[in-house]
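So the structure is just underneath, and the comments pick up after that.
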Amino acid sequence: MTDGLRMPPELMRELAGYVTEILVERCQRLPGEPAWDGEFAQELAARLMEAPPEGGRAPREVIDRAVRDVLLPTMRHDHPRAFGFVPSAPTWPGVLADYLVTGFNINAATWLSASGPSQLEAVVIDWFRGWLGYPKTAGGVLTSGGSVAALDAFVAAREAAGNPARATVYMSDQGHSAQIRSARIIGIRPDRVRVLPTGADFRLAVDTLASAVEADRDAGCTPVAVCADAGSTSTGAVDPLDAIADFCEAHGIWLHVDAAYGGFAAITEPGASLLRGIERADSIGIDPHKWFFQPYDTGCLLVRDARMLERAFAIHHDVLQDSVWGANHPNQADRGLQLSRRDRALKIWMSVQVFGMAAFRDAVRQGIELAERAAGYVADSSVLELMTPASLGILCFRVNPGEGADDERSLHRLNRKVLARVFWEDRAFISSTLLRRQFALRMCVINHTTTWDDVRETLETIERFGREAL
Ligand SMILES: Cc1ncc(COP(=O)(O)O)c(C=O)c1O
């Protein structure tokens, strides 16, 4: 049946068809199933922890086992009621593109190894550049996600600043932990990563930033990067990008905007106006695997002056000398951390080709509008309290009926109880956050398959659990 590590064409087709059937059925069944499934480590270890078999097993049995024991005990981030963290709902052409890319075994490191994919990466990066209002000098690289985008950006920023010994990096207390980690990885000492307090609106005020920078300069440190949020993960807040860009420009500090989840709002009118000023950043991190409906893992770093990336990352190796084809043939590996890298452009390109931009714009706009409608529902509810206004598809709220449960400790307990009931009893999945140490339920409504009924019924369930928990 199999021959060494090869399979005959009939078996290849049969297994691919089998997998396709599993995936299409999953899509059809998904809305009726819970958005989360999982299993305890002990149980999964008992099922999976074993020595590799010496002889091969029947492929269908292996696939069935993989589905049952590996793929099913997971969160369904693409479920229409998956509202926790930052959901991701890839389109089918995106999934197929990943299959094609893997089947063609693309290594998108250099032009020599992958000229078509390298050109296509330039195409999709040019689309992003245009949507974000960047000039023609901009360029970038597709990454595994927002973390690596920030990592690459900080390296470029540090190099641009001349690699100072006592480098400092700035972000707000709403900045994603991924940015702190990226700063640490590139060698910024933890005590020189400045996490600055935000105001009542969870945005970083320029005055706060200015005081921190001044104090550091006085102490002999060199600020190398400011990281502003264009859609913070807790509340969807957008920092005052124009004002921060003014400050960074005046003080010669690299401005990185973390638009990992919120950036694709730029393709809609309301989103573009909220993100105004983003085009002034030195670099932008933006994740197609969040609000551009692509399979994991697909992130992107854009840099206003693409040469800054190559200055930081292009390092010669003799064994790669044949890959240097001149300035007209950029090597994407010269723009970031990875040398061997999968093609991530095809899924973006294929799904846009198949559906068209109007459908993508509608899908993003729908997320913004559903979150606003949800915020209206919460504001009108006698049981719920809106804690932050809807912003870029996110709203924060809590159960607060104001009936003897209005001190912080009991509200915290009450909302934890409600969250646990949603988790164990409802089809929906929501997550929580802390807003100035206040426990908040949080919904991120950015799945293109989510309907108002999905949102409303989830909020009704939360209201009911809230009443019953009193
Ligand atoms: C605003 C923001 N930045 C960065 C990240 C980290 O991105 P990734 O998980 O793709 O590395 C996230 C993840 O949710 C995010 O929401």
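If you read the sequence shown in this note's numbering, its first letter stands for residue 1, the second for the next number, and so on. The beta carbon of each residue, even a glycine, is placed where N, CA and C say it ideally should be. Keep in mind that this is a model prediction, so the values were computed, not measured.
CA nearest to the CA of residue i, picked from the options
{"i": "L477", "options": "D258, R311 and L419", "result": "Summary: the structure shown does not reach residue 477, with the chain confined to residues 1 through 470, and so no result is reported for it."}
{"i": "G466", "options": "V445, L441, H176 and W452", "result": "L441"}
{"i": "D242", "options": "P270, T222 and L275", "result": "L275"}
{"i": "E39", "options": "R68, L132, C27 and A114", "result": "R68"}
{"i": "F397", "options": "V378, A108 and R409", "result": "V378"}
{"i": "T102", "options": "A165, A345 and P401", "result": "A345"}
{"i": "G402", "options": "V418, L384 and R416", "result": "L384"}
{"i": "R409", "options": "Y261, D380, V418 and F439", "result": "F439"}
{"i": "I394", "options": "K136, R437, P135 and V86", "result": "V86"}
{"i": "F293", "options": "D246, D343, G252 and M357", "result": "M357"}
{"i": "D322", "options": "H289, L23, S113 and H448", "result": "S113"}
{"i": "L100", "options": "R342, G376, E369 and R437", "result": "R342"}
{"i": "A200", "options": "R437, L23, F423 and F264", "result": "R437"}
{"i": "P31", "options": "D453, F202 and H289", "result": "D453"}
{"i": "M75", "options": "I462, W424 and E468", "result": "W424"}
{"i": "A250", "options": "A260, P270 and E214", "result": "E214"}
{"i": "D152", "options": "V19, A41, H316 and E310", "result": "E310"}
{"i": "R47", "options": "E33, E54, V70 and E61", "result": "V70"}
{"i": "S115", "options": "I188, W325, I22 and M171", "result": "W325"}
{"i": "R203", "options": "G271, T20 and M171", "result": "M171"}
{"i": "I186", "options": "I22, A312 and V399", "result": "A312"}
{"i": "S177", "options": "A212, A260 and P223", "result": "A260"}
Backbone CA spacing between residue i and residue j [nearest angstrom]
{"i": "D3", "j": "N105", "result": "20 Å"}
{"i": "W254", "j": "A122", "result": "24 Å"}
{"i": "P389", "j": "E372", "result": "8 Å"}
{"i": "Q28", "j": "P93", "result": "16 Å"}
{"i": "Y296", "j": "V95", "result": "9 Å"}
{"i": "D64", "j": "R13", "result": "17 Å"}
{"i": "I244", "j": "A281", "result": "9 Å"}
{"i": "R6", "j": "G56", "result": "12 Å"}
{"i": "Q353", "j": "R26", "result": "24 Å"}
{"i": "E50", "j": "A420", "result": "33 Å"}
{"i": "H256", "j": "A150", "result": "8 Å"}
{"i": "A333", "j": "V124", "result": "17 Å"}
{"i": "D380", "j": "T449", "result": "25 Å"}
{"i": "N163", "j": "F154", "result": "11 Å"}
{"i": "R129", "j": "L120", "result": "14 Å"}
{"i": "A167", "j": "T208", "result": "19 Å"}
{"i": "F264", "j": "C444", "result": "14 Å"}
{"i": "A314", "j": "R361", "result": "36 Å"}
{"i": "G17", "j": "P9", "result": "12 Å"}
{"i": "K136", "j": "T461", "result": "49 Å"}
Within 8 Å, strictly: CB atoms of residue i and residue j
{"i": "V169", "j": "A225", "result": "yes"}
{"i": "Q179", "j": "C227", "result": "yes"}
{"i": "T451", "j": "F83", "result": "no"}
{"i": "S351", "j": "T91", "result": "yes"}
{"i": "I505", "j": "G367", "result": "The structure shown does not extend to residue 505, since the chain is modelled only from 1 through 470, so no value can be given for it."}
{"i": "L15", "j": "P52", "result": "no"}
{"i": "L196", "j": "D229", "result": "no"}
{"i": "V455", "j": "A363", "result": "no"}
{"i": "C221", "j": "R192", "result": "yes"}
{"i": "R427", "j": "A35", "result": "yes"}
{"i": "V303", "j": "G175", "result": "no"}
{"i": "W131", "j": "A45", "result": "no"}
{"i": "L11", "j": "D37", "result": "no"}
{"i": "V148", "j": "G299", "result": "yes"}
{"i": "E279", "j": "G133", "result": "yes"}
{"i": "A212", "j": "R194", "result": "yes"}
Burial state of residue i (16 or more Cβ within 10 Å)
{"i": "N328", "result": "exposed"}
{"i": "W291", "result": "buried"}
{"i": "M308", "result": "buried"}
{"i": "L470", "result": "exposed"}
{"i": "V118", "result": "The residue asked about is misnamed: residue 118 is Ser in this sequence, not Val. S118 comes out buried."}
{"i": "S391", "result": "buried"}
{"i": "T110", "result": "buried"}
{"i": "M387", "result": "buried"}
{"i": "T488", "result": "This structure does not reach residue 488, given that the chain is present from 1 up to 470, and the question cannot be answered."}
{"i": "N331", "result": "buried"}
{"i": "V319", "result": "exposed"}
{"i": "M1", "result": "exposed"}
{"i": "L411", "result": "buried"}
{"i": "D239", "result": "buried"}
{"i": "S382", "result": "exposed"}
{"i": "R81", "result": "buried"}
{"i": "A475", "result": "What is shown of the chain runs 1 to 470, which leaves residue 475 out entirely."}
Residue i CB to nearest heavy atom of ligand 2 below 7 Å
{"i": "G139", "result": "No copy of ligand 2 occurs in the structure displayed; its ligands are ligand 1 alone."}
_Between the segment 425-444 and the segment 233-252, can you find at least three pairs of beta-carbon atoms closer than 8 Å?_
yes
*Do the segment 143-161 and the segment 324-344 make contact, defined as three or more Cβ pairs closer than 8 Å?*
The segment 143-161, when compared against the segment 324-344, does touch it at the 8 Å Cβ threshold.
*Specify whether the segment 158-165 and the segment 347-361 touch according to this definition: at least 3 beta carbon pairs, one from each stretch, less than 8 Å apart.*
no
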